[in-house]
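Asker:
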Amino acid sequence: MAVAALADDRRRPMTREERKVIVASSVGTVFEWYDFYLAGALAANISAAFFSGVNPTAAFIFTLLGFAAGFAVRPFGALFFGSLGDLIGRKYTFLVTMTLMGIATFVVGILPTYASIGIAAPVLFIACRLLQGLALGGEYGGAATYVAEHAPQDRRGFYTSWIQTTATVGLFLSLLVILGLRLSMSPQAFAEWGWRIPFLLSIILLGVSIWIRLQLQESPAFTRIKSEGKGSKTPLREAFGNWKNAKIAIFALLGGTAGQAVVWYTGQFYALFFLTQTLKLDATTSNIVIAASLAIGTPFFIFFGWLSDKIGRKPIILAGCLLAVFTYFPLFGALTKAVNPQLEQALQKSPVTVIADPNECSFQFNPTGTASFTTSCDIAKSFLARNAVNYHNERAAPGTPAQIKIGDKVITSFDKRAAGAEGAAKEKAFNEQATAAIRAAGYPAAADKAKINMVAVIGILTILVIYVTMVYGPIAAMLVELFPTRIRYSGMSLPYHIGNGWFGGFLPPTAFAIVAATGDIYSGLWYPIIVAAMTFVIGLLFVPETKDRNIYADD
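So the working numbering is basically just the index in the sequence shown, starting at one, shifted up by 123.
1) Taking the straight line between their C-alpha atoms, what separation do you get for Tyr-619 and Pro-464?
2) For the beta strand (DSSP E) that His-515 lies in, which residues bound it at each end?
3) Give the secondary structure of Phe-665 by DSSP, where H, G and I count as helix, E and B as strand, and everything else as coil.
4) Per DSSP, Gln-526 forms a beta bridge with which residues?
5) What is the DSSP secondary structure of Phe-629, counted as helix, strand or coil?
6) With a cut-off of 8 Å on the beta carbons, I'd call Pro-597 and Ile-439 a contact; round off their distance for me.
7) Would you tell me roughly how many angstroms separate the C-alpha atoms of Ala-243 and Leu-324, rounded to the nearest one?
8) Considering Cα atoms alone, identify which of Gly-379, Phe-392, Thr-401 is closest to Gly-163.
9) Flag Ile-502 as yes if its beta-carbon sits less than 7 Å from any beta-carbon of chain E, otherwise no.
10) Using only the alpha-carbon positions, how far apart do Leu-247 and Leu-234 sit?
11) Quick check on Tyr-566: does DSSP put it in helix, strand or coil?
12) Among the candidates Ala-258, Phe-397, Ile-286, Gly-614, whose CA atom is the shortest distance from the CA of Ile-644?
13) Assign Trp-625 to buried or exposed, taking buried as 16 or more other Cβ atoms, counted over all protein chains shown, within 10 Å of its Cβ.
14) Roughly how many whole angstroms lie between the Cα atoms of Gly-647 and Ser-206?
15) Skipping 5 residues on each side, what residues in its chain have a beta carbon closer than 6 Å to that of Cys-251?
16) Counting C-beta neighbours from all protein chains within 10 Å, is the total for Phe-455 16 or more, i.e. buried, or is it exposed?
17) State the Cα-Cα distance for the pair Gly-256 and Phe-217, rounded to the nearest angstrom.
18) Kindly indicate the opening and closing residues of the alpha helix (DSSP H) around Thr-408.
19) Excluding five sequence neighbours on each side, which residues of the same chain lie with their C-beta closer than 6 Å to the C-beta of Ser-284?
20) Using a 10 Å radius around the Cβ and a threshold of 16 neighbouring Cβ atoms, would you call Phe-449 buried or exposed?
21) Between the alpha carbons of Cys-552 and Phe-203, how many angstroms are there, rounded?
22) Beta-carbon within less than 6 Å of Ala-479's beta-carbon, same chain only, minus the 5 sequence neighbours each way: which residues are those?
23) Would you decide whether Ile-102 is buried or exposed? Buried here means 16 or more other CB atoms lie within 10 Å of its CB.
24) Measuring CA to CA, which of Thr-289, Thr-380, Asp-432, Ile-169 is closest to Pro-275?
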């Protein structure tokens, strides 16, 4: 009777006090996402400050992996804080995760550079990212659970979609702060010290967020099961040691959050990396167009959350994955044409070939930044990857120095190991000769602002963001509805953070390395396409529709 009464009570309109609680929860989560995504938005500055002791290609991959380090530990944060949330409550877990996130972010803003303290700089930066990842691992599941347990039963998709906006709003806020700073000071000042200000501001946001979280009341559903003695004493064992629940978590991951994650990170973060690193669009303009697309697209989180209450969670999420599978290649091709038409023309009219001994060519994925790629093949391919030049591979005789062939122009690379003391001079000469050759072939040093089709760029980026809103808007409601209250925080948090922390968080460095290895600026898209296709198939066959479930029935 108590369950039925509560279920009926959940169908009533939400009170003003409940709306206040949900708004407060969402605002606090926005600040956490703001803190977490600064490292991605300022990747180039972080690379220069903390990873300046390695070559540029390795430094950028190392920076992306530093960004991804926070994602790597998110599942562990989900396990620890999810268990804590199911044992002692949602409210107290919020306070802990928020404090940990704010302090770690502030510390990044005051870290000395590589030039000052050497290898300790990247080590400390990654340590801060790990702390941020642990905190975020506990944040999202609690926020989504908390909101869902306050929402009317037939409007859970709509109300939890407000939590789904927080990641994008946090990214949008970080971009606005960065853009405002870039426009208010010289590029030199921003590069030297201005980039630290967004991190330092987090201490103010921390104070505001703690105050907000202190206004929250504990979830009524959690309070009820604790008062009735129905809470789980071992939530992790019950959620993942019991095959009935563990199976649900596996299907939620592979048939839901994995595809959602790669679509999310392709549409927002990889799009930003593609603009700046591949299409050579300046950071300020890149932030403006990304921010514009986020502003246009963000209301669709709410729309698709609302729509999922009408037609179901699955159709919308799987449709977003399927659209990504079939349209990513043409969309990113159109983005190249709209942002840097000179590059697009050069890719078509000036094919490049690397003629090299395959035994000298490495897969240039360097997670530690300590490997040295010194063969003539690696030097040639690294140069082309940095300059967004597509190339084909052609086998050369063993022991032959690698060559770059551009039209009828041939540039011979060199082996840095064999060059000895002359290595620096030979590298400079090679870079100058190769740069002159690609410029003569039409490969631009940077995107020409006068030739950018801004309407098309923002339109394409908005389409990518709408895909994000389709897969992300309804996912919280679906995850909440898959697990009973006593293990809900733990049960939904782990598949969400494995999906977003691992499948999504490792997308940028993985895609970047694939591009460097294959010589095709679009080949990194195969990673999100394959994962999204997997999620569509598994989700269609094995994940149930949950929109009409009574989330209190299994308590």
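Ideal Cβ placement from N, Cα and C applies to all residues, glycine included.
Predicted model only: the values in this text are computed from it and were never measured.
Answerer: According to the structure data:
1) Straight through space, the alpha carbons of Pro-464 and Tyr-619 are spaced by roughly 39 Å.
2) From DSSP, the beta strand (DSSP E) with His-515 extends over 515-518.
3) In the three-state DSSP reduction, Phe-665 falls in the helix class (H, G or I).
4) In the DSSP assignment, the residues bridged to Gln-526 are Ile-478, Thr-535.
5) Here DSSP, grouped into helix, strand and coil, assigns Phe-629 to coil.
6) With 8 Å as the limit, Pro-597 and Ile-439 qualify as a contact, their Cβ atoms being about 5 Å apart.
7) Roughly 24 Å between the two C-alpha positions.
8) Residue Phe-392 is the option with its Cα nearest to Gly-163.
9) In the structure shown, chain E cannot be found, because there is only a single protein chain.
10) Taking the straight line joining both Cα atoms gives about 8 Å.
11) Three-state result, Tyr-566: coil.
12) For the set Ala-258, Phe-397, Ile-286, Gly-614, the Cα lying nearest the Cα of Ile-644 is the one of Phe-397.
13) Answer is buried; the Cβ neighbour count reaches 16.
14) If I take the Cα positions, the gap works out to 36 Å.
15) Excluding residues within five positions, the ones whose Cβ falls inside 6 Å are Ala-227, Val-230, Val-231.
16) By the Cβ neighbour-count rule, Phe-455 is buried, with 16 or more other Cβ atoms within 10 Å of its own.
17) Each residue's Cα considered, the two are about 14 Å apart.
18) Going by DSSP, Thr-408 is part of the alpha helix (DSSP H) stretching over 406-420.
19) The residues are Phe-424, Ile-425, Gly-428, Gly-596.
20) Classification of Phe-449: exposed, given that the 10 Å Cβ count is below 16.
21) A small fix is needed here, since residue 552 is Ala in this sequence, not Cys. Taken atom to atom, the span from the alpha-carbon of Ala-552 to that of Phe-203 is near 54 Å.
22) Excluding positions up to five away in sequence, the list reads Cys-500, Ala-519, Ala-525.
23) Residue coverage of the chain in this structure runs from 124 to 678, which leaves residue 102 outside it and unanswerable.
24) Looking at the Cα atoms, Asp-432 is the closest of the given residues.
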